[in-house]
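Data block below; observations after.
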Amino acid sequence: MTASNRPAALIAARIAMLPARGFIGKLIATIALGGCFEFYDMFLTAYIAPSLIRSHIFVLHTESFFDIHGIAAFVAALFAGMFVGAGLLGGLADRFGRRAVFYWSLLIYSACTFIMALQTTPEWVVFWRFLAMVGVGLEQVVIDTYVSEFVPASKRGRAFGLTQAICFTAVPVVAVLSWILVPHTILGLDGWRIVTIIGSLGALIVWFVRRWMPESPIWLEKVGRHGEAEQTMAEIERSAGVAAASRAGAPASLDVQNGPVGAPSPELSFSARWRLMWSAPLRGLLIVMCIFNVCVTVGYYGFASWVPTLLVAKGMTVTKSLEYSVIMALAAPLAPLLSMLVADRMERKWQVCLTCAMCAVLGCLFGAASSAAVVMLLGFLLTLNNGWMSSCYHTYQAEVFPSVVRGQAVGFVYCWSRFAGIFCSFIVAWLLGLYGPLGVFVFITANMLVIVVLIGWFGPRTNHDSNDVNVQGLAYEAKIAMNR
182 MTASNRPAAL
192 IAARIAMLPA
202 RGFIGKLIAT
212 IALGGCFEFY
222 DMFLTAYIAP
232 SLIRSHIFVL
242 HTESFFDIHG
252 IAAFVAALFA
262 GMFVGAGLLG
272 GLADRFGRRA
282 VFYWSLLIYS
292 ACTFIMALQT
302 TPEWVVFWRF
312 LAMVGVGLEQ
322 VVIDTYVSEF
332 VPASKRGRAF
342 GLTQAICFTA
352 VPVVAVLSWI
362 LVPHTILGLD
372 GWRIVTIIGS
382 LGALIVWFVR
392 RWMPESPIWL
402 EKVGRHGEAE
412 QTMAEIERSA
422 GVAAASRAGA
432 PASLDVQNGP
442 VGAPSPELSF
452 SARWRLMWSA
462 PLRGLLIVMC
472 IFNVCVTVGY
482 YGFASWVPTL
492 LVAKGMTVTK
502 SLEYSVIMAL
512 AAPLAPLLSM
522 LVADRMERKW
532 QVCLTCAMCA
542 VLGCLFGAAS
552 SAAVVMLLGF
562 LLTLNNGWMS
572 SCYHTYQAEV
582 FPSVVRGQAV
592 GFVYCWSRFA
602 GIFCSFIVAW
612 LLGLYGPLGV
622 FVFITANMLV
632 IVVLIGWFGP
642 RTNHDSNDVN
652 VQGLAYEAKI
662 AMNR
């Protein structure tokens, strides 16, 4: 059988044979550069929040729970936009392709963020913030899907770790920029506006850089565009320096997900993919991952999106809180590098449980600490731990679903994270006003303990055994396709 008419399983096998360096390394780096802006914007929210309050665009506490004039509304806009992008529009990656959605999502973010930086009322700041985050939500789904389809399971943990390491470099960058610029007015512009515009222009540059990226051959095969899949795969192999003889000898039974699969699966409509997601054995997994995403949002973003504000609540000035936040932010890019050391050696579900337990312990200690040195140390360790948690759960979440529904399934469970973030923002503001930082971290701890029990008891293994999930998912896909 010639390369031009080999089945989808062979395309996956050929991807698995690509060397980790060269093309794959370049692809992961380019994907991660786009992902930098999720982290830039997420931590931007934290670092400019005190300035938005000081400039009287927003207030810290409001009389009503859901008040657009409160800073919680600004934080909530981040999650509301991501909810729409990841959840309601996440299936676009399965319909129109990974590359097309990846391409437009960053452009949406860049344009809307620039416009937001010029607004003077809370209503319009929140509106444009929401639209910008729709683009970021779309992009995050595609990042996880892209990496999982170009990297075999044996190397996927390290690949996600590298992706997160590059993404997390945005954290100290935005922290330093905020520390330098936010307290000042430059050329008539408040510092927070300049930091925001820098993110917008940086995203536009990355948009041009990533235009070389190919479409996923796995997706092309899934939708029946076999000629394009073969052409794209051949170009990738030439770029990676893989010889034709090596391509011809690729084992047809190897899948990029983990290992063997059967014959290529038929294309599914949105409704068919939806039915597959809610059919056993995926239904229980889907529910577990939805609950997980709700709780992990509280633990991760409950701290990350509120660090300077929490420090101000401890009695620090805005400038001093930003200075401490810079020191804590230095841990962010180190965390994924730490995760890479154990990513494919330690079962990922146990990594998720361990990091969530550590988040609970360190969070309570941070909330109770009063010494500046102890607060800084605990904040550094908490940032390091949460970065590791982010790396391992992104890997875990992307690989538990079969490729035919991966974009839609990851988008659906991911949207629950963003939906929870909307309400988490108002709850954190409410708890901060009533009980101070310690009350916030008790709330975080409770959610982290739910994850430890949930994933530890119900979560499937993925480092070695996720092929069981993939094979059963494909069986249901075939069953649904035959009954359409």
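When you read off a place in the sequence shown, starting at 1, and then add 181, the result is the number in my numbering.
Where a beta carbon is used, it is the ideal one built from N, C-alpha and C, also for glycine.
- Taken in chain order, the complete alpha helix (DSSP H) segments of 4 or more residues contained in the segment 339–425 are 351–362, 372–390, 398–403, 407–421.
- About 6 Å separates the beta carbons of I378 and F295, which is inside the 8 Å limit, making them a contact pair.
- The C-beta separation of H250 from P303 comes to about 5 Å, placing the pair in contact by the 8 Å criterion.
- DSSP places V609 in the uninterrupted alpha helix (DSSP H) bounded by 587–639.
- Bounds of the alpha helix (DSSP H) holding F331 are 303–331.
- For P514, no alpha helix (DSSP H) run applies, since DSSP gives it neither H nor E.
- Following the DSSP letters along the chain, one finds W531 inside the alpha helix (DSSP H) bounded by residues 529–549.
- The beta-carbon separation of D371 and S236, rounded to 6 Å, stays under the 8 Å limit for a contact.
- In the three-state DSSP reduction, V479 falls in the helix class (H, G or I).
- Looking at the DSSP output, G251 bridges to V240.
- Contact check for T211 against V423 fails: the beta carbons are separated by 8 Å or more.
- Within the same chain, and ignoring the five residues on either side of A384 in sequence, the residues whose Cβ sits closer than 6 Å to its Cβ are F218, L287, Y290, S291.
- Put simply, of G342, S381, F224, A230 the residue whose alpha carbon is nearest the alpha carbon of M297 is S381.
- Distance from the Cα of F283 is smallest, within the candidate group F349, H407, G318, for G318.
- The DSSP-derived three-state label of Q578 is helix.
- Secondary structure of A281 (DSSP, three-state): helix.
- Taking the C-beta atoms as reference points, F349 is found no nearer than 8 Å to P489.
- Annotated three-state conformation of G215 is helix, per DSSP.
- Where V493 is concerned, the enclosing alpha helix (DSSP H) starts and stops at 488–494.
- Collapsing the DSSP output to three states places P462 in coil.
- Sixteen is the threshold: when 16 or more other Cβ atoms of the shown chains lie within 10 Å of the Cβ of G266, as they do, the residue is buried.
- Taking the C-beta atoms as reference points, Q300 is found nearer than 8 Å to W309.
- Three or more Cβ pairs closer than 8 Å define a contact, and the segment 586–595 meets that threshold against the segment 255–274.
- Counting of Cβ neighbours within 10 angstroms places P618 among the buried residues, the total reaching 16 or more.
- V363 is a Cβ neighbour of Y228, given a cutoff of 8 Å.
- Distances from the CA of C540 to each of F561, K495, E330, I417 were compared; the closest alpha carbon is that of F561.
- With distances taken between CA atoms, R599 lies nearest to C476 out of G369, I238, C476.
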